[in-house]
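Have a look at the structure below before the remarks.
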Amino acid sequence: MEGMFERLQAGPLRLMEPLDQELFKIRWEQGAEDVLRPLRLLYGHREDFGAWVERLLLAVGKAYAARPSDLRLLDLQRLHQADWFQQAHMIGYVAYADRFAGTLPGVREKIDYLKELGVTYLHLMPLLQPRPGANDGGYAVMDYRQVRQDLGTMADLADLAADLRQQGISLCIDLVCNHTAKEHAWARQALAGDLVYQDYYLMFPDRTLPDAYEETVREIFPEFKPGSFTYYEQIDKWVWTTFNEFQWDLNYANPAVFAEMLDIMLFLANQGVEVLRLDAVAFMWKRLDTDCENQPEAHALLQAFRALSRLAAPGLLLKAEAIVPPPQLVPYLGVGVATDKECEIAYHNILMVALWSALAERKVVLATHVLQKMPRIPARTAWATYVRCHDDIGWAITEDDAAGVGLDGFAHRSFLSDFYTGRFPGTFARGTTFQFNPKTNDRRVNGSCASLAGLEQAMEMELWGETELAIRRILLLYNIILAYGGIPLIYMGDELGLLNDRRYVDEPSRAPDSRWIHRPMMAWDRAADRHDGQTITGRIFQGMCQLITARKRTLALHARTAVTPTWTHNDHVLGLVRESAYGRLFILANFTEKPQMISRVRLSELGFDGLLVNRLNHQFMPMWDDIMIEPYQALWLQPADSLPKQA
Ligand code: GLC
Numbered sequence: 296m297e298g299m300f301e302r303l304q305a306g307p308l309r310l311m312e313p314l315d316q317e318l319f320k321i322r323w324e325q326g327a328e329d330v331l332r333p334l335r336l337l338y339g340h341r342e343d344f345g346a347w348v349e350r351l352l353l354a355v356g357k358a359y360a361a362r363p364s365d366l367r368l369l370d371l372q373r374l375h376q377a378d379w380f381q382q383a384h385m386i387g388y389v390a391y392a393d394r395f396a397g398t399l400p401g402v403r404e405k406i407d408y409l410k411e412l413g414v415t416y417l418h419l420m421p422l423l424q425p426r427p428g429a430n431d432g433g434y435a436v437m438d439y440r441q442v443r444q445d446l447g448t449m450a451d452l453a454d455l456a457a458d459l460r461q462q463g464i465s466l467c468i469d470l471v472c473n474h475t476a477k478e479h480a481w482a483r484q485a486l487a488g489d490l491v492y493q494d495y496y497l498m499f500p501d502r503t504l505p506d507a508y509e510e511t512v513r514e515i516f517p518e519f520k521p522g523s524f525t526y527y528e529q530i531d532k533w534v535w536t537t538f539n540e541f542q543w544d545l546n547y548a549n550p551a552v553f554a555e556m557l558d559i560m561l562f563l564a565n566q567g568v569e570v571l572r573l574d575a576v577a578f579m580w581k582r583l584d585t586d587c588e589n590q591p592e593a594h595a596l597l598q599a600f601r602a603l604s605r606l607a608a609p610g611l612l613l614k615a616e617a618i619v620p621p622p623q624l625v626p627y628l629g630v631g632v633a634t635d636k637e638c639e640i641a642y643h644n645i646l647m648v649a650l651w652s653a654l655a656e657r658k659v660v661l662a663t664h665v666l667q668k669m670p671r672i673p674a675r676t677a678w679a680t681y682v683r684c685h686d687d688i689g690w691a692i693t694e695d696d697a698a699g700v701g702l703d704g705f706a707h708r709s710f711l712s713d714f715y716t717g718r719f720p721g722t723f724a725r726g727t728t729f730q731f732n733p734k735t736n737d738r739r740v741n742g743s744c745a746s747l748a749g750l751e752q753a754m755e756m757e758l759w760g761e762t763e764l765a766i767r768r769i770l771l772l773y774n775i776i777l778a779y780g781g782i783p784l785i786y787m788g789d790e791l792g793l794l795n796d797r798r799y800v801d802e803p804s805r806a807p808d809s810r811w812i813h814r815p816m817m818a819w820d821r822a823a824d825r826h827d828g829q830t831i832t833g834r835i836f837q838g839m840c841q842l843i844t845a846r847k848r849t850l851a852l853h854a855r856t857a858v859t860p861t862w863t864h865n866d867h868v869l870g871l872v873r874e875s876a877y878g879r880l881f882i883l884a885n886f887t888e889k890p891q892m893i894s895r896v897r898l899s900e901l902g903f904d905g906l907l908v909n910r911l912n913h914q915f916m917p918m919w920d921d922i923m924i925e926p927y928q929a930l931w932l933q934p935a936d937s938l939p940k941q942a
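With our numbering as the guide, the letters of the sequence shown map in order to residues 296 to 942.
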């Protein structure tokens, strides 16, 4: 890379102040190896490798020069306070802009509502220009540089990001990087026969390779589209389509694709987006005779994206959407030489599955076991913890994990599917089956948090005792994701207990996809009841606000402090111990509708003796008595003498 910086100085940086040029030089000198290591793995074998690196750096230099001054200031703040997203005050909210507030300017009108909840991070679901008609909830993008027309413009997005930032809220949006819509300009040129653009995708002249790949890859949407390839007569080729027919997987073995996506990433960062949720990252690299997920090159791509984007926009964070088993998941936060050098945030889907499993079983044995087995994550990363999201719940419990606690994996997954779709006798849940795969017998589940937790059934049957239990279940699940560490994500409407919304069946483009059952319109009329503690809405909303307030002042919930799932010697009560310089915390959560007890002896064994205080209600636990826990109650116990002065 001899003379690289001088070429940048003569090129994109030439109009910048000398100090700004020097700043870029420092970043490049410090970050060069992080840039080159993954790029060598990906493209080092090519003769034109040097030229590609140069092209990427020029693009980064251009984005650096174009970065608005308020965002450059933000970069400095983030560098000075690198743990900003790991702190206990972080609270996330996830919403579709249109379903929440109509348009992007509409979202600005709702900032007060978000602040009332204590939100500091807002993920707005796919909002870049999708293909017309069915578009997988926006995950089939045809133009990454335009906002969906009915939501507003790119200028509206930048304005919204700035307004949110002023109010202490960081904006996160989706970047669908594994595939584009088949209507994207690149795909249209490929369909027209342009070989340059055909090389942007994975295309095959006959079934030989598709058949070979299909031996080992899994089908993601078996009901929508069997197999992973689609034939297009126009070009007489088979195209790799992991998801729907209209979503074409990109060919990242072609450095031009990487360069295009990097450019888009930097463009969005310069609009003020602070976090990019990178969609379906596990699928970004294919290799014969494997499941084509989580390949080393997929990690290298993310590491290269991070290292390069940090040269221009070090404030930007990357969040990995990789819904894969634990051993494959943790590397997305970086391992080995890439520790702290891949994505900063990843979804903790195992926690989500474990919580729903515990709720159905009224037992925490499996949850404790799988969570104990999770490897520690790097110090400068955080989980995104969540109860529900816009997707289905897949029962990601492996045979090994089930066998580890004496369960049969297949039988347990079937039980959970039956329980949450209302088929299991005595269930409280109302959900629907999604993507039944007769080859594997896999059945995933859809449904809103409240409907899965029993609120829909209880209200319909006017069983007020059951309603109370359902409210407690919702608050219990949220309690754990707030107490686990990382960024807890509130999925829009859960704070009001919104039920399944079956109206999606009236819209032809949505009807086949039952995930829309849990993507409701925001019920602002219901929200009006949120301050009335006599209403169900008020109970849930206020319960949530109390938890959030407690979380914000519990410094021990910083994402960097270790959380240890701990046996409580009561199979119905989950135990999470947090040890930190900010204080020690023992979280106990009763997953049943009966009161439970934890013995003082067990607490002493774990070093929690003496006077304990429940940080959720400031009550002291009687010194020598066993701890009683109400149905679906959770306690955040802290030794009274370890309370930090400022708390
Ligand atoms: C991600 C999204 C999901 C979408 C898929 C394909 O998993 O969360 O909604 O269907 O990617 O883009």
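Note that CB positions come from ideal geometry on N, CA and C, so glycine has one too.
Every value quoted in this text rests on a predicted model; they were computed, and no experiment measured them.
Is residue i buried or exposed, if buried means 16 or more other CB atoms sit within 10 Å of its CB?
| i | result |
| --- | --- |
| residue 759 | exposed |
| residue 682 | buried |
| residue 601 | buried |
| residue 298 | exposed |
| residue 305 | exposed |
| residue 745 | buried |
| residue 333 | buried |
| residue 740 | buried |
| residue 813 | buried |
| residue 532 | buried |
| residue 946 | Limits of the chain in this structure are 296 at one end and 942 at the other, which puts residue 946 out of reach. |
| residue 782 | buried |
| residue 463 | exposed |
| residue 731 | exposed |
Residue i to residue j, Cα distance in whole Å?
| i | j | result |
| --- | --- | --- |
| residue 438 | residue 769 | 38 angstroms |
| residue 637 | residue 792 | 36 angstroms |
| residue 355 | residue 603 | 7 angstroms |
| residue 381 | residue 430 | 33 angstroms |
| residue 312 | residue 303 | 13 angstroms |
| residue 912 | residue 662 | 26 angstroms |
| residue 415 | residue 384 | 8 angstroms |
| residue 823 | residue 788 | 13 angstroms |
| residue 428 | residue 804 | 6 angstroms |
| residue 667 | residue 860 | 6 angstroms |
| residue 506 | residue 691 | 26 angstroms |
| residue 409 | residue 388 | 8 angstroms |
| residue 520 | residue 659 | 36 angstroms |
| residue 715 | residue 729 | 11 angstroms |
| residue 641 | residue 675 | 12 angstroms |
| residue 856 | residue 747 | 31 angstroms |
| residue 405 | residue 412 | 11 angstroms |
| residue 344 | residue 512 | 30 angstroms |
| residue 700 | residue 664 | 7 angstroms |
| residue 548 | residue 420 | 28 angstroms |
| residue 854 | residue 670 | 14 angstroms |
| residue 698 | residue 735 | 19 angstroms |
| residue 927 | residue 767 | 6 angstroms |
| residue 555 | residue 504 | 27 angstroms |
| residue 915 | residue 899 | 16 angstroms |
| residue 818 | residue 750 | 16 angstroms |
| residue 816 | residue 451 | 22 angstroms |
| residue 686 | residue 679 | 15 angstroms |
Opposite residue i in the DSSP bridges: which residues?
| i | result |
| --- | --- |
| residue 874 | 857 |
| residue 533 | 499, 526 |
| residue 679 | 642, 782 |
| residue 934 | 907 |
Using three-state DSSP, classify residue i as helix, strand or coil.
| i | result |
| --- | --- |
| residue 912 | coil |
| residue 460 | helix |
| residue 388 | strand |
| residue 712 | helix |
| residue 430 | coil |
| residue 269 | As shown, the chain starts at 296 and ends at 942. That puts residue 269 outside it, with no answer to give. |
| residue 320 | helix |
| residue 550 | helix |
| residue 941 | With a pLDDT of 47 at residue 941, under the threshold of 50, the modelled position of that residue is not reliable, and no figure is offered here. |
| residue 741 | strand |
| residue 405 | coil |
> Going along the chain, which residues put their C-beta within less than 5 angstroms of some heavy atom in ligand 1?
Replying inline: 431, 434, 538, 574, 575, 686
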